[in-house]
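> Residue numbers (our numbering), protein chains in the order written: chain A, 1320 to 1718; chain B, 1320 to 1718. Even glycine gets a Cβ: it sits at the ideal position worked out from N, Cα and C. Bear in mind that the values here come from a model prediction, so they are computed numbers and not experimental data.
1) Just to confirm my understanding: we take residue 1517 of chain B, look at its own chain, exclude 5 residues before and 5 after, and list those with CB closer than 6 Å. What are they?
2) When the Cα atoms are used, what is the spatial distance from residue 1625 of chain A to residue 1584 of chain A?
3) Going by beta carbon distance, what residues of the same chain come within less than 6 Å of residue 1375 of chain A, once the five residues before and after it are set aside?
4) Spell out the partners DSSP gives residue 1557 of chain B in its beta bridges.
5) Within 8 Å (strictly less), CB to CB, does residue 1392 of chain A reach chain B?
6) Run the CB neighbour count on residue 1536 of chain A, radius 10 Å, all protein chains shown included, and call it buried at 16 or more, exposed below.
7) What do you reckon, are the CB atoms on residue 1420 of chain B and residue 1445 of chain B nearer than 8 Å?
8) With C-beta atoms as the reference, is residue 1461 of chain B less than 8 Å away from residue 1570 of chain A?
9) Measure from the C-beta of residue 1692 of chain B to each C-beta in chain A and report whether the shortest distance is under 8 Å.
10) Could you give the DSSP three-state label for residue 1386 of chain A: helix, strand or coil?
11) Is it buried or exposed for residue 1638 of chain A, if we count other Cβ within 10 angstroms and need 16 for buried?
12) Say whether chain B places a C-beta atom closer than 8 Å to the C-beta of residue 1395 of chain A.
13) Could you work out which residues of chain A lie near residue 1568 of chain B, taking near to mean beta carbons separated by less than 7 Å?
14) Tell me which residue opens and which closes the beta strand (DSSP E) that residue 1332 of chain A is part of.
15) Run down chain E in chain order and give the residues with a C-beta less than 7 Å from the C-beta of residue 1358 of chain B.
16) What residue range is occupied by the uninterrupted alpha helix (DSSP H) comprising residue 1465 of chain B?
17) Do we get a CB-CB distance below 8 Å when we pair residue 1682 of chain B with the residues of chain A?
18) For residue 1611 of chain A, does the three-state DSSP call read helix, strand or coil?
19) Give a yes or no on whether the C-beta atoms belonging to residue 1702 of chain B and residue 1408 of chain B are separated by under 8 Å.
20) By the DSSP assignment, the beta strand (DSSP E) with residue 1659 of chain A in it spans what residues?
21) Which residues, in order along the segment 1513-1536 of chain A, keep a beta-carbon less than 9 Å from a beta-carbon of chain B?
22) Distance, Cα to Cα, residue 1654 of chain A vs residue 1671 of chain A?
23) Using only CA atoms, which one of B:1510, B:1449, B:1540, B:1641 lies nearest to residue 1647 of chain A?
24) Kindly indicate which three-state DSSP category residue 1395 of chain B falls into: helix, strand or coil?
25) In chain order, what residues of the same chain have a beta carbon less than 8 Å from the beta carbon of residue 1643 of chain B, not counting five sequence neighbours either side?
26) Ignore the nearest five residues each way along the sequence and tell me which others in residue 1507 of chain A's own chain have a CB closer than 7 Å to its CB.
27) Per DSSP, residue 1645 of chain A forms a beta bridge with which residues?
28) Which value, in whole angstroms, describes the spacing of the CA atoms of residue 1697 of chain A and residue 1497 of chain B?
29) For residue 1652 of chain A, go through chain B and note every residue whose CB falls closer than 8 Å to its CB, in chain order.
30) With 16 as the cutoff for other CB atoms within 10 Å, does residue 1660 of chain B come out buried or exposed?
31) Based on the DSSP secondary-structure assignment, which residues constitute the bridge partners of residue 1676 of chain A?
32) Determine the direct distance from the alpha carbon of residue 1457 of chain B to that of residue 1468 of chain B, and round the result to whole angstroms.
33) Going along chain A, which residues have a C-beta under 9 Å from residue 1380 of chain B?
34) I need the DSSP call for residue 1402 of chain B, collapsed to helix, strand or coil.
35) Taking the alpha-carbon of residue 1384 of chain B as reference, which of A:1607, A:1578, A:1529 has the nearest alpha-carbon?
36) Taking C-alpha atoms, which residue in A:1399, A:1437, A:1523, A:1372 lies nearest to residue 1675 of chain B?
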């Protein structure tokens, strides 16, 4: 755990109105790299995800996992005083980030058009299910909906089986990641020209952007791609195999690796076998190849084979459950599992920062904030409010 | 299709040595937003993915889908003249991007340490399977390996069933996306201080960073998360249902939507039913709820239900196959499916740009380049080579 806000983005101040996952993920990425993120939440209730289980000492583990390194303030955006205070804050930040349903910020009178008149340099980024434009723009979306509509489910699942949803909410996360890139690109333009702008990222668009070769496979061949199970569409062998114990993933991406694999499995005769001597041949005779490899792999437990193949330089992996991920020596050595001290919860385990920078590394220096934890210092510093004024706002439920 | 390179990043020049997917995805994201990307490929062979099928007029559809908006030059980095030429180019660019196995650039004498002595302002970004450090750093990785090792497979699949690989190569793509954010963050620091730096992004780290609540669910409850099928772990109903035809995804994220769903399905009595009146109760009595909803949903085809639920404001979607994704009116209206004119192939269909910026929008203005298409102009402009020198380099196989 780090000790202070640090990284390449320490000059950037973000007012973050987002809830649950997509926007909070964006803000987390930027906060990890040093941005000052002021998370603005509804008084008393806060981000919906504060109420998602499981809980640790009544704090949501979900909320804690995606809101480290942030400040929290409360503000009722429906009250006239709340709106005024929001506008004051908007004049003091570089970025506003929101993920309400399109139209909500307009209804509140706090949309980009209004705010950019107060602060023309503002970068105002919105994440929504379907985007700010188009026939579906006003519909609500959830992760599962965009995974289904955007095509990724249709290509995930057992071969010939039913479509399967990805086990983490990548409908939200991918959109959050694109938005982070968009904000930094806009900031580069801002620093060059002094101009702010509006950024519109849709969860559905973002799903389409990660379909990889599925689009080209379809448009070139006319065949509609379906679930492909745990195989690769054009590299053989590149799939999961049963062993004496659990399955193992093996990827022999070229002829050299194929020979190494055959040697390591103790069946060098397969490396010489004409049926399997090139990748196209291994694809053509896939089922025979698979069956022969299975025969050998059935003889030892997966862990033993993994050690043998690692030593032989053949890419492979057990299919880790989360407990194994947390124990993995490589993942640990890369600081990708971090223990954070939370004032209420104590030790809290979250994922680390995947962007490793040599000169300006980011840091995880602070657990997720309790609701409104930073009201005093933020409102005093950025809006010049007195302790008395803060008390009054609190009493009237505005903060 | 746009007409010229435009966007917030037009001042950034990137020398891109990456192959296949992770790095090419990073470079594509930045090129889409205006960066000048010079893709450096091995003479005669080029990026491995140029040889991945399916092909359209002998051009790889795979390669075309991820290399739009880029220039291509060829250079043999193993020859002394190639190394010298590389160093000349390195002095003329802002970013070097590579995704060789760790150690390769050192072996070539073209690692960060060497290049930063020539150009201290350089941002040098590496994407690798396991990262530049740690016990696995020198191992080769493929998408399937990091999906298995990083935990996402272990939480994806039918409930109680076997782990399933995600149908697109998110092991590569997620790493590419983090790297794009890292490069822009480093560029912001560069513009402020004049300092370059090294960025190390690992595919495995990147997988850990998108596990979402799986880590906290495990560390708080001690239960190892497994595949959850097409359901949500804490919202009910939020899953796929069979209909008279194909399955439909329905997400009723709160009590209001639950009532709307019951009304729209013509079973308002369920909205009144005590067993289902709150989300926790719907979770507790999930199987009964599911069975009752299935009874109604079995009466009409999925498309008909989708229209009814859309009208009622209940989030839902058919599980689109890729052909349906391409036809979707929302996706089309957002320019997320783009036809590009390729000089050899003609019309080529690829995914659009998911980051929509109001003032400095990116553009897709150019199909993927043929191998070495930009040798003349790049080497003349950035290395001052004459036509004669270029001819000689070509004859000797250096470019």
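Walking through what the data contain:
1) The beta carbon of residue 1517 of chain B is closer than 6 Å to those of 1431, 1443 in its chain, skipping five residues each way along the sequence.
2) So the two alpha carbons sit approximately 11 Å from each other.
3) Cβ within range, chain order: 1664.
4) Residue 1557 of chain B is bridged by DSSP to B:1570.
5) Contacts with chain B at 8 Å (Cβ-Cβ) do not include residue 1392 of chain A.
6) Buried is the call here.
7) The Cβ-Cβ distance between residue 1420 of chain B and residue 1445 of chain B does not fall below 8 Å.
8) Going by C-beta atoms, residue 1461 of chain B is nearer than 8 Å to residue 1570 of chain A.
9) No, residue 1692 of chain B lies away from the interface with chain A (no Cβ there is under 8 Å from its Cβ).
10) Assignment of residue 1386 of chain A by DSSP, reduced to helix, strand and coil, places it in the coil class.
11) Classified as buried, residue 1638 of chain A has 16 or more neighbouring CB atoms from the shown chains inside 10 Å of its CB.
12) No, because no Cβ of chain B sits closer than 8 Å to the Cβ of residue 1395 of chain A.
13) Chain A residues near residue 1568 of chain B: 1463, 1464, 1467.
14) Residues 1332-1335.
15) No chain E appears in the structure shown, which is made up of the protein chains A and B.
16) Residues 1462-1468.
17) For residue 1682 of chain B, the answer is no, since every Cβ of chain A falls outside 8 Å of its Cβ.
18) Helix, per DSSP.
19) Against a cut-off of 8 Å, the Cβ pair of residue 1408 of chain B and residue 1702 of chain B comes out as a contact.
20) From DSSP, the beta strand (DSSP E) with residue 1659 of chain A extends over 1656-1661.
21) Those residues of the segment 1513-1536 of chain A that come within reach of chain B (Cβ to Cβ, closer than 9 Å) are 1514, 1515, 1516, 1517, 1518, 1519, 1520, 1521, 1523, 1524, 1525, 1526, 1527, 1528, 1529, 1530, 1531, 1532, 1533, 1534, 1535, 1536.
22) When rounded, the separation of the alpha-carbon atoms in residue 1654 of chain A and residue 1671 of chain A is 6 Å.
23) Taking each of B:1510, B:1449, B:1540, B:1641 in turn and checking the Cα distance to residue 1647 of chain A, the smallest one comes out for B:1449.
24) Residue 1395 of chain B sits in coil when the DSSP states are folded into three classes, being neither helix nor strand.
25) Only 1637 meet the Cβ criterion.
26) Answer for residue 1507 of chain A: no residue qualifies.
27) Looking at the DSSP output, residue 1645 of chain A bridges to nothing.
28) Answer to the nearest angstrom: the Cα atoms are 30 Å apart.
29) Within 8 Å of the CB of residue 1652 of chain A, the CB atoms of chain B belong to 1452, 1453, 1454, in sequence order along the chain.
30) Residue 1660 of chain B should be labelled exposed.
31) Per DSSP, B:1518.
32) If I take the Cα positions, the gap works out to 16 Å.
33) The answer, in chain order, is 1532, 1534, 1535, 1536, 1538, 1539, 1540.
34) In this structure, residue 1402 of chain B counts as helix in the three-state DSSP scheme.
35) Scanning A:1607, A:1578, A:1529 for the CA closest to the CA of residue 1384 of chain B turns up A:1529.
36) Answer by Cα proximity: A:1523.
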